[in-house]
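In what follows, a single structure is set out as C-alpha cells and then discussed.
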Amino acid sequence: MSTALLAWYDANARVLPWRVPPRSDERPDPYRIWLSEVMLQQTTVAAVKDYFATFTRLWPTVEALAAAKDEDVMARWAGLGYYARARNLLKCARAVAERGGFPDTVEGLRALPGIGPYTAAAVAAIAFGRPETVVDGNVERVMARLHAVQEPLPASKPVLVAHAAALTPEARAGDYAQAVMDLGATICTPKSPACGICPCRAPCKARAEGIAAELPRKTPKKPKPVRLGHVFVIRREDGAFLLERRPDRGLLGGMLGWPGSDWGEAPEFAPPVAGALEEVGEVRHTFTHFHLILRVHAGRVDGAAPDGLGWQRLSPAALPTVMRKAYDLAATSPALNVAGD
DNA sequence: AACGCGTGGAG
DNA sequence: TCTCCAAGCGT
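Counting in the UniProt record's numbering, the first sequence tops out at residue 341, every number present.
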C-alpha cells in the first residue's frame, strides 16, 4: 500500500512553494514547513499561496518573524481567517528563536503554541524525516474509504488514526504523509472520487462496495443562527479612520475593526463620536457558527477618539474580511466621499 | 468533550 | 441561495 502510494507520489507530487520535490537531495527548511502547515490548517492551498509568498519575503527566517511587530503580522494575516493562528504563530516563532531553532521531535514540537497533533507530526515527518503518523482530513477520508469505516466522524477518529499508523512506513514518512494528502486533494476527493485512476483502488473496500463517495460519514452539524450588528465607518478630514484593536481573545481577536454594537438579536447601538452619520446599507458575512448581517453607518466627523479607539491611516488589506466588506460598502457611499478628495 | 474560531470556492 | 468543506487548535 504505502509502496504503491510512494511510487504514485514520485510521479505525481504537486509542485508547491513550501515543498521539496520527492527524491531530491535538498532538505526542507523547518521554518517554511512549519509556516505552511499553520497556514494550511483548515485552509485551502489556493488561499495560502499568496500569504506564504508574502510572509517568506518579509520574514525569511524564524528569527526575522520573531522580531516582527505584532500589528504587522496581524495585518499581513488579515483575510486568511482563524486569527488565533497568527497570534500563536508569533508566540511560537519567539519561543523557537529563543531556544535556537525548531525542536526535531513530535514531543518538542507539540509543546509549542499553535502546534497540535497534526502539525507536530507533519513537521517532524516532513522537515526531520521522523516516522510519525500524520492525520488530517485527507488521511481520515482515505482511511475511512480504504477500510470502509461506517462509523461517523468524529467518533471514528481513533479507528482512523490506528489505520493510518499501521500504514505509515519507517522510511520516507514525510513523503508518505504528503502522498496521502495529495491523493486526498486530487483523487480521493470528498464529493466524487476518481477511483478509476487511484493507485489504492485494489485494496480499497469502499471502492469495492461502491460507497466511496459516501465516506467518511459525519454527524450532522447544528444550523447557524443569524445575528445582527451595527458598525461605524468614520473618516476625519485628514483621511484618518476611527478604528479599534479587538481584544486578543475571541472572534477576530487581535485584529483591527470598526467600532459598533454587540452582535445579537436586536443590539443597542450608538455612534462613538457625535456628528452627521447615515446608514449606507448592510453587508452579510458567514462565520464558522453564525450568519451576520452588519448595518453600516458612515460619515465624516472630527473629534477626540473615545477610550479604546484611535484615529489612524487605513490600509483596507489589513482588515479582516467582514470589516473590509463594511469598508468597501462605506467607501462607495457619498457619506464618506473617499474618492472625492 | 464539545464548542468557538474565518474565509472563499465548489457544487 | 445554501451547504459543505480545506494540511486543526485551544479551552
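Beta carbons: idealized from backbone N, C-alpha and C, even for Gly.
Looking only at C-alpha atoms, which of the options sits nearest to residue i?
i, options, result
"residue 247", "285, 241, 259, 236", "259"
"residue 289", "212, 74, 223", "223"
"residue 62", "82, 44, 98, 53", "98"
"residue 43", "9, 26, 81", "81"
"residue 75", "188, 338, 333, 323", "323"
"residue 266", "83, 294, 201", "294"
"residue 128", "106, 113, 138", "106"
"residue 239", "329, 47, 338, 50", "338"
"residue 2", "319, 270, 201", "201"
"residue 301", "307, 216, 311", "311"
"residue 84", "6, 286, 41", "41"
"residue 70", "221, 10, 254", "254"
"residue 346", "78, 329, 199", "No information on residue 346 is available, as it lies outside the stretch 1 to 341 that the chain covers here."
"residue 317", "100, 88, 86, 328", "328"
"residue 147", "155, 159, 123", "159"
"residue 33", "113, 101, 122", "122"
Can you tell me whether DSSP reads residue i as helix, strand or coil?
i, result
"residue 174", "helix"
"residue 234", "strand"
"residue 330", "helix"
"residue 69", "coil"
"residue 311", "strand"
"residue 298", "strand"
"residue 38", "helix"
"residue 227", "strand"
"residue 26", "coil"
"residue 260", "strand"
"residue 58", "helix"
"residue 242", "strand"
"residue 187", "coil"
"residue 251", "coil"
"residue 193", "coil"
Quick one: is residue i buried, meaning 16 or more other Cβ sit within 10 Å of its Cβ, or exposed?
i, result
"residue 125", "buried"
"residue 36", "buried"
"residue 233", "buried"
"residue 133", "buried"
"residue 58", "exposed"
"residue 141", "buried"
For this session: Any chance you could list the alpha helix (DSSP H) runs of at least 4 consecutive residues sitting entirely within the stretch 95-177, in chain order?
Result: Within the stretch 95-177, the complete alpha helix (DSSP H) runs of at least 4 residues are 106-110, 117-128, 137-146, 157-167.
Exercise. Given 8 Å as the limit, is there contact between the stretch 217-232 and the stretch 163-171, that is, 3 or more CB pairs closer than that?
Worked result: Contact fails: fewer than three Cβ-Cβ distances are below 8 Å.
Problem set entry | In chain order, each beta strand (DSSP E) run of at least 3 residues that lies wholly inside the stretch 263-296 | The stretch 263-296 contains these whole beta strand (DSSP E) runs: 278-286.
Problem set entry | the stretch 11-27 / the stretch 168-184 touching (three or more Cβ pairs under 8 Å) | Verdict: yes, contact present.
Problem set entry | Runs of alpha helix (DSSP H) wholly within the stretch 196-220 (minimum 4 residues, chain order) | Scanning the stretch 196-220 from its first residue to its last, the whole alpha helix (DSSP H) runs of 4-plus residues come out as 205-209.
Exercise. Touch check for the stretch 258-276 and the stretch 237-244: three-plus C-beta pairs under 8 Å?
Worked result: Yes: the two stretches touch, three or more of their Cβ pairs being nearer than 8 Å.
Exercise. Counting pairs of beta carbons, one from the stretch 272-283 and one from the stretch 208-215, are three or more of them closer than 8 Å?
Worked result: Verdict: no, contact absent.
For this session: Would you check if the stretch 84-94 and the stretch 53-69 touch, i.e. whether three or more CB-CB distances between them fall below 8 Å?
Result: Two segments are said to touch when three or more pairs of C-beta atoms, one from each, lie closer than 8 Å; by this definition the stretch 53-69 touches the stretch 84-94.
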